[in-house]
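Data block below; observations after.
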Amino acid sequence: MNHLTAKHCVTGVLLSAAAIFALPVNAADKSIQLTSAIVSQKDAHITHYEGGDFHTYFYGDTPLTKGAITGVAVIKPNNEIHPAHQHPDEEYLMILEGSGTWTLNGKSQPAHTGDILFAAPNDVHGIYNNGDVPLKFVVVRYQTK
């Protein structure tokens with residue numbers, strides 16, 4: 007792992023927990039200032055949960071955001087990593103593989119490969135894998151400064 011990659015993945019388990027369990031951004035160390043970099047899949051920090059895994063690629067502050075998190079979640083069939091939740095961050099989720107059910111502000115609808123969810127601050131959102139294969143999606147979450 008090179009120095010830049012180590013810098014971006016250094017916060018490890020706590021940061022993945024912040025991403026997955028919707029802890030307030032200030033619950034994790036925000037002292038890392040992100041710089042331009044490429045992080046290989048093999049260098050992402052993986053946190054394992056009962057319902058799946060979360061691969062943290064970047065966590066930290068950028069010139070315009072605080073507590074930015076990017077990663078990939080993989081949810082096992084008939085599971086979720088956490089129930090629908092809300093937080094003060096903006097968040098995008100894009101399904102790469104599999105299918106499931108989105109929840110957004112109390113309404114549910116099918117989730118398919120290629121779909122993207124945008125959750126505005128404090129909107130209740132989530133995803134459940136009710137399919138028979140793993141559900142894999144990209145997570146981009148941040149707060150503006």
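Residue numbering for the sequence shown follows my numbering, beginning at 7 and increasing consecutively.
We put the beta carbon where it would ideally sit given N, CA and C, even for glycine.
#### Entry: Own chain residues within Cβ distance below 8 Å of G112, not counting five before or after
As a working note, residue 112 is residue 106 in the sequence shown. Contacts found: V130.
### Task
Please confirm if H88 has its CB atom under 8 Å from at least one CB of chain D.
Of the chains in the structure shown, none is chain D; there is only one protein chain.
### Task
Identify whether Q92 lies in helix, strand or coil by the three-state DSSP scheme.
If you number the sequence shown from 1, residue 92 lands on position 86. In this structure, Q92 counts as coil in the three-state DSSP scheme.
### Query
What number of angstroms, rounded off, separates the C-alpha of Y63 from the C-alpha of S114?
Along the sequence shown, one-based indexing puts residue 63 at 57. Along the sequence shown, one-based indexing puts residue 114 at 108. Roughly 29 Å separates the two Cα atoms.
### Query
Which word fits F143, buried or exposed, when buried means at least 16 other C-beta atoms lie within 10 angstroms of its C-beta?
Taking the first residue of the sequence shown as 1, we reach residue 143 at position 137. With 16 or more Cβ atoms within 10 Å of its Cβ, F143 is classed as buried.
### Message
Helix, strand or coil for K48? Go by DSSP, reduced to three states.
### Response
For the purposes of this step, residue 48 is taken as the residue at position 42 of the sequence shown. Note: K48 maps to helix in three-state DSSP.
### Message
Using 8 Å for Cβ pairs, my map puts E103 next to T119. What's the rounded Cβ distance?
### Response
As a working note, residue 103 is residue 97 in the sequence shown. As a working note, residue 119 is residue 113 in the sequence shown. The pair is a contact, with the Cβ atoms about 6 Å apart (cut-off 8 Å).
#### Entry: Beta-carbon proximity check, P83 vs N128, cutoff 8 Å
Along the sequence shown, one-based indexing puts residue 83 at 77. Along the sequence shown, one-based indexing puts residue 128 at 122. Taking 8 Å as the Cβ cut-off, P83 and N128 do not qualify as a contacting pair.
### Task
Return yes when the Cβ of G77 is within less than 8 Å of the Cβ of A50, no when it is not.
Reading the sequence shown from its first residue, position 44 is the one you call residue 50. Reading the sequence shown from its first residue, position 71 is the one you call residue 77. It is a contact, given that the beta carbons lie within the stated cut-off.
### Message
Per DSSP, what are the beta-bridge partners of T109 in this structure?
### Response
For the purposes of this step, residue 109 is taken as residue 103 along the sequence shown, with counting starting at 1. For T109, which the question treats as bridged, DSSP gives the partners S114 and G132.
### Query
Exposed or buried, A90, counting other C-beta atoms within 10 Å across all chains shown (16 or more means buried)?
Mapped onto the sequence shown, residue 90 falls at position 84. With 16 or more Cβ atoms within 10 Å of its Cβ, A90 is classed as buried.
### Message
Here's a check: name, in chain order, each residue in its chain whose Cβ is nearer than 6 Å to the Cβ of A125, leaving out the five neighbours to either side.
### Response
Residue mapping note: residue 125 aligns to position 119 of the sequence shown, counting from 1. The answer, listed in chain order, is E97 and H131.
### Query
Residues bridged to L99 by DSSP?
Looking up residue 99 in the sequence shown gives position 93. In DSSP, L99 forms a bridge with L123 and V145.
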